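Take a look at the structure set out below.
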Amino acid sequence: MNLPGQNPVSREVRIPCGGAWLYGDLTRPANALGVVLFVHGSGSGRHSARNRLVAKRLQQAGIATLLFDLLTAQEEQIDLHTREHRFDIALLTGRLQDTTTWATAQPELQDLPIGYFGASTGSAAAIIAAARLGGRIAAVVSRGGRPDLAGPVALAAVTAPTLLIVGGADHGVIELNEQSLAHLTCDKRLVIVHGATHLFEEKGALEEVAELAASWFSAHLAGKAPPASTQDNTTPGNHHE
Numbered sequence: 004m005n006l007p008g009q010n011p012v013s014r015e016v017r018i019p020c021g022g023a024w025l026y027g028d029l030t031r032p033a034n035a036l037g038v039v040l041f042v043h044g045s046g047s048g049r050h051s052a053r054n055r056l057v058a059k060r061l062q063q064a065g066i067a068t069l070l071f072d073l074l075t076a077q078e079e080q081i082d083l084h085t086r087e088h089r090f091d092i093a094l095l096t097g098r099l100q101d102t103t104t105w106a107t108a109q110p111e112l113q114d115l116p117i118g119y120f121g122a123s124t125g126s127a128a129a130i131i132a133a134a135r136l137g138g139r140i141a142a143v144v145s146r147g148g149r150p151d152l153a154g155p156v157a158l159a160a161v162t163a164p165t166l167l168i169v170g171g172a173d174h175g176v177i178e179l180n181e182q183s184l185a186h187l188t189c190d191k192r193l194v195i196v197h198g199a200t201h202l203f204e205e206k207g208a209l210e211e212v213a214e215l216a217a218s219w220f221s222a223h224l225a226g227k228a229p230p231a232s233t234q235d236n237t238t239p240g241n242h243h244e
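Counting from 4, one number per residue, gives the positions in the sequence shown under this note's numbering.
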């Protein structure tokens with residue numbers, strides 16, 4: 004937690020990804036215990052009000068955050084008309100891996116454990132990248148996500164403690180997350196926020212997501228993660244661990 008008077012330091016960053024440059028907003032509190040990379044969903048970006056609310060809560064918990072655009076401005080314009088990129092999980096995963104490599108090379112981040120916060124289709128990219136990077140990723144949180152799009156092989160390969168958060172009124176997505184949970188073999192949990200729809204627009208719903216994420220990342224980025232477990236910990240209701 005930041006001390007009074009110590010505001011997080013923020014800066015805009017440019018991240019090289021193959022032949023493209025991605026823009027992001029990096030915010031680092033004093034004495035950060037880790038950094039979380041936000042992987043937004045389809046049709047979204049680093050300016051997402053929902054992700055920024057969650058990021059602010061993480062910053063208050065002493066966690067650095069990196070919100071970045073997975074697509075270039077040109078790609079976003081194409082995607083608005085064709086939607087060809089937002090479900091291109093391979094492209095999104097590659098961009099996330101390149102951004103992770105960039106983050107680990109930054110002097111102010113290189114000694115910090117890394118977490119992923121994925122939303123919608125971005126959750127699949129977070130799962131696949133976490134599976135590929137193994138111990139380099141300390142924790143994963145999915146909000147209203149589609150981890151099923153990562154496939155059972157990638158889900159089973161994830162070693163980072165993974166929290167899946169789904170709205171209780173997000174029918175169809177609940178079942179997909181339950182199926183994904185069954186494939187995960189790491190420390191895992193599914194939390195259902197009662198009454199919330201896919202975007203968690205109901206009063207207090209997104210704040211609950213932010214609290215759950217802050218608690219999960221605080222526990223696992225600090226290096227206090229329990230041994231990997233295959234136990235199926237499904238937690239319905241408004242539950243805070």
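Note that the Cβ used here is the ideal one computed from N, Cα and C, for glycine as well. Being a predicted model, the structure only gives us computed values, none of them experimental.
Checklist entry - For the beta strand (DSSP E) that Leu61 lies in, which residues bound it at each end? => result Per DSSP, Leu61 belongs to no beta strand (DSSP E); it is in the alpha helix (DSSP H), Ala52 to Gln63.
Checklist entry - Does the Cβ of Val212 have 16 or more other Cβ atoms within 10 Å, making it buried, or fewer, making it exposed? => result buried
Checklist entry - What did DSSP end up calling Arg149 once you bin it into helix, strand or coil? => result coil
Checklist entry - Can you tell which of Leu115, Leu112, Gly154 and Pro110 has the C-alpha that lies nearest to the C-alpha of Ala129? => result Gly154
Item to check | CB-CB length for Arg135 against Cys20, believed under 8 Å | outcome: Contact doesn't hold; Cβ gap of about 16 Å is too wide.
Checklist entry - Just checking my contact of Ala108 with Tyr119 at CB under 8 Å: how many whole Å lie between their CB atoms? => result The pair is not a contact, with the Cβ atoms about 18 Å apart (cut-off 8 Å).
Checklist entry - What are the start and end residues of the beta strand (DSSP E) that includes Arg31? => result Ala23 to Arg31
Checklist entry - What residue from Leu167, Ile18, Ala160 and Ala141 has the CA that sits closest to Gly147's CA? => result Leu167
Next on the checklist: Can you confirm whether Glu211, when its beta carbon is compared against all beta carbons of chain D, has any partner nearer than 8 Å?
Outcome noted: Although the question refers to chain D, the structure presented lacks it and comprises just one protein chain.
Item to check | Pick from Phe203, Arg139 and Leu61 that is closest to Thr104, judged by C-alpha positions | outcome: Arg139
Item to check | Close-in-space but distant-in-sequence residues of the same chain around Ser13 (CB under 6 Å, 5 per side omitted) | outcome: Thr30
Checklist entry - Gly39: buried (16+ other C-beta within 10 angstroms of its C-beta) or exposed? => result At residue 39 the sequence reads Val, which differs from the Gly that was named. Buried: at least 16 other Cβ atoms inside 10 Å.
Next on the checklist: Please state the DSSP three-state secondary structure of Glu15.
Outcome noted: strand
Next on the checklist: Let's test the definition: count the other Cβ atoms within 10 Å of the Cβ of Gln80 and tell me whether it reaches 16, buried, or not, exposed.
Outcome noted: exposed
Item to check | Simplified DSSP state of Ala157, which is helix, strand or coil | outcome: helix
Checklist entry - According to DSSP, which residues form a beta bridge with Ala106? => result Paired residue(s): none; Ala106 is not in a bridge.
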